[in-house]
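Below is one structure, written out as structure tokens, with a few remarks after it.
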Amino acid sequence: MKYMKLGSKPDSFQTDGNNIRFVATELATDIIVNVGDVKFYLHKFPLLSKSSRLQKLVAAIDEETNDEIDISDIPGGPTAFEICAKFCYGMTVTLNAYNVVAARCAAEYLEMHETLEKGNLIYKIEVFLNSSIFRSWKDSIIVLQTTKSLLPWSEDLKVVSHCIDSIASRASIDPSEVEWSYTYNRRKLPSENGLDAQWNGVRKQQSVPKDWWVEDLCELEIDSYKRVIMAIRIKGRASDVVIGEALKAYTYRRIAGFGKGSITNGDVFRNRELLETVVCLLPTTTGSVSCSFLLKLMKALSMVASGENYKKELRKRIGRQLQEASVSDLLIPSSEGDGTMYDIDTIMSIVQEFVMQEHGSGETSPQSSGEVQEVRSPVFVAASAKLAVANLLDGYLAEIAKDPNLPISKFIEVAEMVSGSSRPVHDGLYKAIDTFLKEHPGLTKSEKKKICSLMDCKKLTADACSHAIQNERLPLRMVVQILFFEQVRASAASSTAPAGGSDPPGSTRSLLPRENGASYESSRSAATTNTEDEWDGVHITGDLTSLKSRNLAGSRRGGGAGSERSNGSGDANRAAGNGKVKGVPMPKKLLSKLWTSNKGHAAENSSSDTSESAGGSTNPEETKSTPSGNTRHSVS
Numbered sequence: 008m009k010y011m012k013l014g015s016k017p018d019s020f021q022t023d024g025n026n027i028r029f030v031a032t033e034l035a036t037d038i039i040v041n042v043g044d045v046k047f048y049l050h051k052f053p054l055l056s057k058s059s060r061l062q063k064l065v066a067a068i069d070e071e072t073n074d075e076i077d078i079s080d081i082p083g084g085p086t087a088f089e090i091c092a093k094f095c096y097g098m099t100v101t102l103n104a105y106n107v108v109a110a111r112c113a114a115e116y117l118e119m120h121e122t123l124e125k126g127n128l129i130y131k132i133e134v135f136l137n138s139s140i141f142r143s144w145k146d147s148i149i150v151l152q153t154t155k156s157l158l159p160w161s162e163d164l165k166v167v168s169h170c171i172d173s174i175a176s177r178a179s180i181d182p183s184e185v186e187w188s189y190t191y192n193r194r195k196l197p198s199e200n201g202l203d204a205q206w207n208g209v210r211k212q213q214s215v216p217k218d219w220w221v222e223d224l225c226e227l228e229i230d231s232y233k234r235v236i237m238a239i240r241i242k243g244r245a246s247d248v249v250i251g252e253a254l255k256a257y258t259y260r261r262i263a264g265f266g267k268g269s270i271t272n273g274d275v276f277r278n279r280e281l282l283e284t285v286v287c288l289l290p291t292t293t294g295s296v297s298c299s300f301l302l303k304l305m306k307a308l309s310m311v312a313s314g315e316n317y318k319k320e321l322r323k324r325i326g327r328q329l330q331e332a333s334v335s336d337l338l339i340p341s342s343e344g345d346g347t348m349y350d351i352d353t354i355m356s357i358v359q360e361f362v363m364q365e366h367g368s369g370e371t372s373p374q375s376s377g378e379v380q381e382v383r384s385p386v387f388v389a390a391s392a393k394l395a396v397a398n399l400l401d402g403y404l405a406e407i408a409k410d411p412n413l414p415i416s417k418f419i420e421v422a423e424m425v426s427g428s429s430r431p432v433h434d435g436l437y438k439a440i441d442t443f444l445k446e447h448p449g450l451t452k453s454e455k456k457k458i459c460s461l462m463d464c465k466k467l468t469a470d471a472c473s474h475a476i477q478n479e480r481l482p483l484r485m486v487v488q489i490l491f492f493e494q495v496r497a498s499a500a501s502s503t504a505p506a507g508g509s510d511p512p513g514s515t516r517s518l519l520p521r522e523n524g525a526s527y528e529s530s531r532s533a534a535t536t537n538t539e540d541e542w543d544g545v546h547i548t549g550d551l552t553s554l555k556s557r558n559l560a561g562s563r564r565g566g567g568a569g570s571e572r573s574n575g576s577g578d579a580n581r582a583a584g585n586g587k588v589k590g591v592p593m594p595k596k597l598l599s600k601l602w603t604s605n606k607g608h609a610a611e612n613s614s615s616d617t618s619e620s621a622g623g624s625t626n627p628e629e630t631k632s633t634p635s636g637n638t639r640h641s642v643s
């Protein structure tokens, strides 16, 4: 730290109690200066010889006041005045980064200019500031911190602007030219620690990281920090990535609990001001700030009840790089009274921003035709980004589905925000639907049918199909459809497979019971329903993989085609009931459901859900014309 000593006489100021200061000399004092609660017993001559203001005040006093003046409004208070008084007496006083601004403002207040005496205090302090303080990185930061309590004096005297310019200039230079000490707390690279391999036996000089100044600026209050960052950006030498890293470090440092998704500090107004300022300072370049940090900002803005304009700007930024986010980042707690656990509307707005990139937007409306509206041009969005967002949304659906208060309409609305082309595999969507069905057991048949219609059976992988056909939470019609499409895929695969080959481990047939009671390459009975843990362990693939399984659909039983197609449950019963039939083997629980459904249909002929589920027919006329007795078979 830089410092400057003034005067040569010993310090003879003494204290009598807490509120009295005097000079210990043989000469009696002849003036009392009141500064707040402190009284200074001093001598007129040394003070008046260097202060024009004190001259005016002494000249204005009358005999009744007994040579007592009051300057309680002096910037810096008693401490700053004492420095000026010691300088007037020629006593030793030390100036440094912590007290120099207060002394400068007090000297200005006392009018200690060169016109009164050459080499006066104002001149000496200006020399010290320009030759030492403003040339020091850390001293400039310390001085800037002290200026806040001295406003507006420090602002009017240009001390604040000089500090900001000094800091911004040093933060903008080439890192290779940084020779002064600085604070840097992140985990250093091997090259920064001098641990990288030596070349030709000579150790390389440790490099200075581009964001070397980030941690030091975290000590500033938000108003000073804002001005420094803006000055750095104006100089244009620091990249947007470094600016973004600085804003991230500052937010983590100044808001307790921000990294954990909660704000533990009770000063809501201060936190709101800080967060809104950070949002305004964010670089415009996409990717300069991580999507995770932006979503944490959004979560924090919701906690402090920030204005809608700040949230709107943040939603646009997040939408442009949503593919980088994780599911945990999207779980923003809802405000009190919303009823649901998470703020789903905010996430939907962000996804909408992502979708609108390719189409552009002109947010004009008849009601606001007189206002200036933003018009955005279409932006190319890579297929990989669309796939990443689709997978992200499926994972998000699986999490919010655990909320028992989540309405089915909201679940469907979120699921439909991603187009079918962006979701080539529906394993993630199936898992989300299964979770919703599990957490909402009171759904009606029509509601189950509606939510399951989101899923395309043809886009389920073998693992998902294996789980789905044994899932008792799915409507029976959905299970039959999955079996049918698995048959179609298996038939297509078997046409190119070598004859006599065994079923691949991933095929659905491998999990179904054989005719003699054994299972296809599985130690677990196919009649046992997969547990939730087993499904959670299934890896959700990101793209479609070909299913190289053998043909699961053998030759049908002899007879009329109309009789064979008339009832899907009859087909399933025949396949399971006759050991010599080469039909599709089915899980015992599914057979039980089909058998029960078929009996109910024959007895009551009224349940629409049973007829739709059990009837795998694609031709309703054939089903209607064929007696149920013609398609019933005994199940051994």
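Our numbering runs 7 ahead of the 1-based position in the sequence shown. Beta carbons: idealized from backbone N, C-alpha and C, even for Gly. Quantities reported herein were computed from a predicted structural model and do not represent experimental measurements.
Handout entry: Nearest-angstrom Cα separation, counted from L400 out to E446
Key = Sequence index remark: in the sequence shown, residue 446 carries index 439 (1-based). Sequence index remark: in the sequence shown, residue 400 carries index 393 (1-based). One Cα belongs to E446, the other to L400, and the distance between them is close to 19 Å.
Problem - Contact between the region 262–281 and the region 318–325 (3+ Cβ pairs under 8 Å) - result: Taking 8 Å as the limit for Cβ pairs, the verdict is that the region 318–325 does not touch the region 262–281.
Handout entry: Delimiting residues of the beta strand (DSSP E) encompassing I76
Key = Taking the first residue of the sequence shown as position 1, residue 76 is located at position 69. For I76, the enclosing beta strand (DSSP E) has its first and last residue at 75–77.
Problem - the region 330–345 / the region 303–311 touching (three or more Cβ pairs under 8 Å) - result: With the cut-off at 8 Å, the region 330–345 and the region 303–311 touch.
Practice task
Report the rounded CA-to-CA distance for I687 versus S188, giving the unit in angstroms.
Solution key: With the chain running from 8 to 643 in the structure shown, residue 687 is simply not present.
Handout entry: T101 burial status per 10 Å Cβ neighbour count (16 or more: buried)
Key = Position 94 of the sequence shown holds residue 101. T101 is classed as exposed because its beta carbon has fewer than 16 other beta carbons within 10 Å across all chains shown.
Problem - Backbone secondary structure at R531 - three-state DSSP - result: The residue labelled residue 531 in the question sits at position 524 within the sequence shown. At R531 the pLDDT is 33, less than 50, meaning the model places this residue with poor confidence; the figure from the coordinates comes in the next sentence. Taken through DSSP and simplified to helix, strand or coil, R531 comes out as coil.
Practice task
Would you mind sorting D80 into buried or exposed? The rule is 16 or more other CB atoms within 10 Å of its CB.
Solution key: For the purposes of this step, residue 80 is taken as the residue at position 73 of the sequence shown. D80 comes out exposed.
Exercise for the section: With DSSP collapsed to three states, give me the class of M8. Expected result: Mapped onto the sequence shown, residue 8 falls at position 1. Correct three-state label for M8: coil.
Exercise for the section: Look at the alpha carbon of G65 and the alpha carbon of S59, and state the distance between them as a whole number of angstroms. Expected result: Translated into the one-based positions of the sequence shown, residue 65 becomes position 58. Translated into the one-based positions of the sequence shown, residue 59 becomes position 52. Before going further, note that residue 65 is Val rather than Gly in the sequence given. Rounded to the nearest angstrom, the two C-alpha atoms are 10 Å apart.
Practice task
Check each candidate in Q364, M355, H474 and name the one with the smallest Cα separation from V388.
Solution key: One-based indexing of the sequence shown puts residue 388 at position 381. The shortest C-alpha separation from V388 is found at Q364.
Handout entry: Through-space distance from P159 to D350, alpha-carbon basis
Key = Counting from 1 along the sequence shown, the entry for residue 350 is found at position 343. Counting from 1 along the sequence shown, the entry for residue 159 is found at position 152. Per the coordinates, the alpha-carbon of D350 lies some 43 Å from the alpha-carbon of P159.
Exercise for the section: Look at A663 and A439 and say whether their C-beta atoms are less than 8 Å apart. Expected result: In the structure as shown, the chain begins at 8 and stops at 643. Residue 663 is therefore absent and cannot be evaluated.
Practice task
Report the three-state DSSP secondary structure of Y189 (helix, strand or coil).
Solution key: Locating residue 189 in the sequence shown gives position 182, where the first residue counts as 1. In the structure shown, Y189 sits in coil (DSSP, three-state: anything other than H, G, I, E or B).
Exercise for the section: Helix, strand or coil for T32, going by three-state DSSP, please let me know. Expected result: Position 25 of the sequence shown, counted from the start, is the residue given in the question as residue 32. DSSP, read as helix, strand or coil, puts T32 in coil.
Exercise for the section: Tell me T347's beta-bridge partners as DSSP assigns them. Expected result: For the purposes of this step, residue 347 is taken as residue 340 along the sequence shown, with counting starting at 1. Answer is none; T347 lacks a bridge partner.
Exercise for the section: Determine the contact status of L288 and L254, defining contact as a CB-CB distance below 8 Å. Expected result: Start at 1 with the first residue of the sequence shown, and residue 288 comes out as number 281. Start at 1 with the first residue of the sequence shown, and residue 254 comes out as number 247. Taking 8 Å as the Cβ cut-off, L288 and L254 qualify as a contacting pair.
Exercise for the section: Within its chain, find whatever has a CB closer than 6 Å to the CB of S299; leave out the 5 residues flanking it on each side and keep chain order. Expected result: Looking up residue 299 in the sequence shown gives position 292. Excluding positions up to five away in sequence, the list reads D336.
Handout entry: Cβ pair T353, M305 closer than 8 Å
Key = Working through the sequence shown from its first residue, we reach residue 353 at position 346. Working through the sequence shown from its first residue, we reach residue 305 at position 298. In this structure, M305 lies closer than 8 Å to T353 by Cβ.
Exercise for the section: Could you check the C-alpha separation between A395 and E222 for me, to the nearest Å? Expected result: Translated into positions along the sequence shown, residue 395 becomes position 388. Translated into positions along the sequence shown, residue 222 becomes position 215. One C-alpha to the other measures close to 33 Å.
Handout entry: Exposed unless 16 or more other CB atoms sit within 10 angstroms - verdict on K57
Key = Locating residue 57 in the sequence shown gives position 50, where the first residue counts as 1. Here K57 is buried: its Cβ has 16 or more other Cβ atoms, across all protein chains shown, within 10 Å.
Exercise for the section: Take I357 as the anchor and find which of L467, G314, A332, S214 has the nearest alpha-carbon. Expected result: Here residue 357 refers to the residue found at position 350 when the sequence shown is read from its first residue. Selected option, being the one with the closest Cα: A332.
Handout entry: Counted within 10 angstroms of its Cβ, other Cβ atoms place G83 as buried (16 or more) or exposed
Key = For the purposes of this step, residue 83 is taken as the residue at position 76 of the sequence shown. So G83 counts as buried.
Exercise for the section: Work out the CA separation of L483 and W542 for me, nearest whole Å. Expected result: Against the sequence shown, residue 542 aligns to sequence position 535. Against the sequence shown, residue 483 aligns to sequence position 476. In this predicted model, W542 has a pLDDT of only 48, less than 50, meaning its place in the structure is not dependable; the value taken from the coordinates is given anyway. Whole-angstrom Cα-Cα distance: 19 Å.
Practice task
Output yes or no for whether 8 Å exceeds the beta carbon distance between T153 and Y105.
Solution key: Residue numbering aside, residue 153 sits at position 146 when the sequence shown is read from its first letter. Residue numbering aside, residue 105 sits at position 98 when the sequence shown is read from its first letter. Closer than 8 Å, so yes.
Exercise for the section: Go to I236, then tell me how far its alpha helix (DSSP H) extends in each direction, as first and last residue. Expected result: For the purposes of this step, residue 236 is taken as residue 229 along the sequence shown, with counting starting at 1. Per DSSP, I236 belongs to the alpha helix (DSSP H) from 229–242.
Problem - Contact check, I132 vs R111, beta carbons under 8 Å - result: To locate residue 132, count along the sequence shown from 1; it is residue 125. To locate residue 111, count along the sequence shown from 1; it is residue 104. With contacts defined as CB atoms closer than 8 Å, I132 and R111 qualify as a contacting pair.
Handout entry: Segments assigned beta strand (DSSP E), at least 3 residues, entirely inside the region 90–145
Key = Whole beta strand (DSSP E) segments, 3+ residues: 100–103.
Exercise for the section: Using a threshold of 8 Å, state whether the C-beta atoms of D410 and T451 are closer than that. Expected result: The sequence position of residue 410 within the sequence shown is 403, counting from 1. The sequence position of residue 451 within the sequence shown is 444, counting from 1. No. Outside cutoff.
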